[in-house]
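> In our numbering, the protein residues as written are 1019 to 1456. Quick reminder that beta carbons are idealized off the backbone N, C-alpha and C, glycines included.
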């Protein structure tokens, strides 16, 4: 009886068969992504742009692998960098061994070694970790991450200590005479693996296992009631997540030709958490948007200010407080207004609210930079220029301007955002009157 119930439940949670229009939309979407990946180096051909695109591709795979845990299965992990880092270290050792023995294994296949490494360690550590969910799972993942990260500085033969392990990717067997020395070739390698992993992880969300992961996230008791073991579902999701995280770590190691303890650290785990959450855990495209946004933000802010991590943290706090659905959630909230043709009713209110909000943000930035100068660099020249804006950090006028911008911007922003809420309610009501639902 239980087997019949379980099979019936599996049939009910399986997605309906796709229509011809759905198939065309699916394939055309991925073909468009492939075309974009091919064209990008033609438009942005500088070395810095290619490096940035490679980092974005690696971050996309890493973030999507983390979303299998957090977004799909509801498991908050503080140690996802373990499988990312171990995949990177094994690939560096594999490149050295393959190059030394002249084995005919081309570099495009080497990321599979990282994926299998992440899968192996996920299978080893995941069974115990996934016996619990929620806070208990988060603490277990944090403990495992600290254990592996500390081992990286102790087991110097394998991890190389603080210096890490380096390799030369050009010594491997060549395919089509590609040495993978130029950055353009590494970009295409990362782009190909990014597209392949995105398709595979999207397909995973459409399988009965992917649906069961969603069910475990929403109501594990009901999943157990219909005959499935939530622990097994969490374990399988954990293994898939470790596999794709290992591929991301392998691509990172190939890109930089080095693996060190930073691959396993808490910063790496925190970054992927930020990317996934900021992008939006409720949507498959969310981690992709988050990875792009966080990578570009971190690279640009690090050139504009010395305390860019502080701004990064403040932005994350603001997203958690005011936009828990992430960037994708904010965009999707506007879909009913677009369908109902009422978005124009909200746009003027957005423009009005943007001005005092921008003034508040600028005032906070000036105040932060002045405080940082007094606390970190008090003996240096007070004429600083963060974000390309020159001002004197010790001038009373600077402090006065910052105070006016913060106080005035905050008070006016509260009024203008209330009007945004009113315009939003009016536009949504009009859209619903036209038969448009959220």
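Mind checking whether residue 1374 and residue 1430 have CB atoms under 9 Å apart?
As a first step, residue 1374 must be located in the chain shown, where it is residue number 356. As a first step, residue 1430 must be located in the chain shown, where it is residue number 412. Closer than 9 Å, so yes.
> CA-CA distance, residue 1051 and residue 1184?
Translated into positions along the chain shown, residue 1051 becomes position 33. Translated into positions along the chain shown, residue 1184 becomes position 166. Taking the straight line joining both Cα atoms gives about 33 Å.
> Using the three-state DSSP reduction, which class does residue 1020 fall into: helix, strand or coil?
On the chain shown, position 2 is the one that residue 1020 refers to. With a pLDDT of only 43 at residue 1020, under the threshold of 50, the placement of this residue in the model should not be trusted, and no figure is reported.
> Could you please give me the residues that DSSP links to residue 1191 through a beta bridge?
Here residue 1191 is taken as the residue at index 173 of the chain shown, counted from 1. 1124, per the DSSP bridge assignment.
> For residue 1278, I'd like the list of residues in its chain whose CB is within less than 6 Å of its CB, leaving aside the five on either flank, ordered along the chain.
The residue you call residue 1278 lines up with position 260 of the chain shown. 1182.
> Quick check: the Cα distance between residue 1188 and residue 1198, rounded to an integer number of angstroms?
As a position in the chain shown, residue 1188 is number 170, starting the count at 1. As a position in the chain shown, residue 1198 is number 180, starting the count at 1. About 6 Å.
> How about residue 1133 and residue 1105: are their beta carbons less than 9 Å apart?
As a working note, residue 1133 is residue 115 in the chain shown. As a working note, residue 1105 is residue 87 in the chain shown. Yes, the pair counts as a contact, with Cβ atoms nearer than the cut-off.
> Do you know how far the Cα of residue 1397 is from the Cα of residue 1407?
In the chain shown, the residue the question calls residue 1407 occupies position 389. In the chain shown, the residue the question calls residue 1397 occupies position 379. When rounded, the distance between both Cα atoms is 20 Å.
> Excluding five sequence neighbours on each side, which residues of the same chain lie with their C-beta closer than 6 Å to the C-beta of residue 1167?
On the chain shown, position 149 is the one that residue 1167 refers to. The answer, listed in chain order, is 1282, 1283.
> Are the CB atoms of residue 1120 and residue 1191 within a distance shorter than 9 Å?
Working through the chain shown from its first residue, we reach residue 1191 at position 173. Working through the chain shown from its first residue, we reach residue 1120 at position 102. In contact: residue 1191 and residue 1120 (Cβ atoms closer than 9 Å).
> Out of 1258, 1156, 1075, which has the shortest C-alpha to C-alpha gap to residue 1141?
Locating residue 1141 in the chain shown gives position 123, where the first residue counts as 1. For residue 1141, the nearest C-alpha among the options comes from 1258.
> What residues in its chain sit with their C-beta under 8 Å from that of residue 1201, if we drop five residues either side in the sequence?
Here residue 1201 refers to the residue found at position 183 when the chain shown is read from its first residue. The answer, listed in chain order, is 1065, 1068, 1069, 1072.
> Taking DSSP as the reference, what is the three-state secondary structure of residue 1273?
Here the question's residue 1273 lines up with position 255 in the chain shown. Three-state DSSP puts residue 1273 in a helix.
> Residue 1273: buried (16+ other C-beta within 10 angstroms of its C-beta) or exposed?
Position 255 of the chain shown holds residue 1273. Residue 1273 comes out buried.
> Are the CB atoms of residue 1222 and residue 1269 nearer to each other than 9 Å?
The count along the chain shown starts at 1 and reaches residue 1222 at position 204. The count along the chain shown starts at 1 and reaches residue 1269 at position 251. No.
> Nearest to residue 1364 by CA position, among 1224, 1437, 1176, 1426, is which residue?
Along the chain shown, read from residue 1 onward, the residue named residue 1364 stands at position 346. It is 1437.
> If we call anything under 9 Å between Cβ atoms a contact, is residue 1409 one with residue 1416?
As a first step, residue 1409 must be located in the chain shown, where it is residue number 391. As a first step, residue 1416 must be located in the chain shown, where it is residue number 398. It is a contact, given that the beta carbons lie within the stated cut-off.
> How about residue 1347 and residue 1449: do their beta carbons lie closer than 9 Å?
Within the chain shown, the letter at position 329 stands for residue 1347. Within the chain shown, the letter at position 431 stands for residue 1449. It is not a contact, given that the beta carbons lie outside the stated cut-off.
> Take every Cβ of the region 1317-1337, pair it with every Cβ of the region 1209-1220, and state whether three or more of those distances are shorter than 8 Å.
Verdict: no, contact absent.
> With distance defined between alpha-carbon atoms, name the residue in 1249, 1426, 1196, 1055 nearest to residue 1382.
Here residue 1382 refers to the residue found at position 364 when the chain shown is read from its first residue. Comparing Cα positions, the closest option is 1426.
> Could you say which of 1147, 1117, 1335, 1138 lies nearest to residue 1097 if we only look at CA atoms?
Working through the chain shown from its first residue, we reach residue 1097 at position 79. Nearest C-alpha to residue 1097: 1147.
> DSSP three-state call for residue 1407: helix, strand or coil?
On the chain shown, position 389 is the one that residue 1407 refers to. It is coil, neither helix nor strand.
> How would you write the range of the alpha helix (DSSP H) that residue 1206 sits in, first residue to last?
One-based indexing of the chain shown puts residue 1206 at position 188. 1201-1223 is the extent of the alpha helix (DSSP H) around residue 1206.
> Given a threshold of 16 other Cβ atoms within 10 Å of its Cβ, counted over all protein chains shown, does residue 1414 qualify as buried or as exposed?
In the chain shown, the residue the question calls residue 1414 occupies position 396. With fewer than 16 other Cβ atoms within 10 Å, it is exposed.
> If I follow the unbroken alpha helix (DSSP H) through residue 1135, where does it start and stop?
Position 117 of the chain shown, counted from the first residue, corresponds to residue 1135. Per DSSP, residue 1135 belongs to the alpha helix (DSSP H) from 1129-1147.
> Can you find the residues in the same chain that come closer than 6 Å, C-beta to C-beta, to residue 1307, ignoring five residues on each side of it along the sequence?
Translated into the one-based positions of the chain shown, residue 1307 becomes position 289. Counting only Cβ-Cβ distances below 6 Å, and skipping sequence neighbours, we find 1297, 1345, 1346.
> Check this for me: beta carbons of residue 1130 and residue 1265, under 9 Å apart or not?
As a working mapping, residue 1130 is identified with position 112 in the chain shown. As a working mapping, residue 1265 is identified with position 247 in the chain shown. Yes, the Cβ-Cβ distance between residue 1130 and residue 1265 is below 9 Å.
> Per the DSSP calculation, residue 1183 is bridged to which residue(s)?
Locating residue 1183 in the chain shown gives position 165, counting from the first residue. Residue 1183 pairs with 1277.
> Going by the beta-carbon positions, is the gap between residue 1125 and residue 1115 smaller than 9 Å?
In the chain shown, residue 1125 corresponds to position 107, counting from 1. In the chain shown, residue 1115 corresponds to position 97, counting from 1. For residue 1125 and residue 1115, no; Cβs fall outside 9 Å.
> Give every residue of the same chain whose Cβ lies closer than 7 Å to the Cβ of residue 1371, excluding the five residues on either side of it in the sequence, and list them in chain order.
As a working note, residue 1371 is residue 353 in the chain shown. Cβ neighbours of residue 1371 beyond the five flanking positions: 1431, 1434, 1435, 1438.
> Give me, in chain order, the residues of the same chain whose beta-carbon lies closer than 7 Å to that of residue 1170; leave out the 5 immediate sequence neighbours on both sides.
Position 152 of the chain shown, counted from the start, is the residue given in the question as residue 1170. Excluding residues within five positions, the ones whose Cβ falls inside 7 Å are 1177, 1279, 1282.
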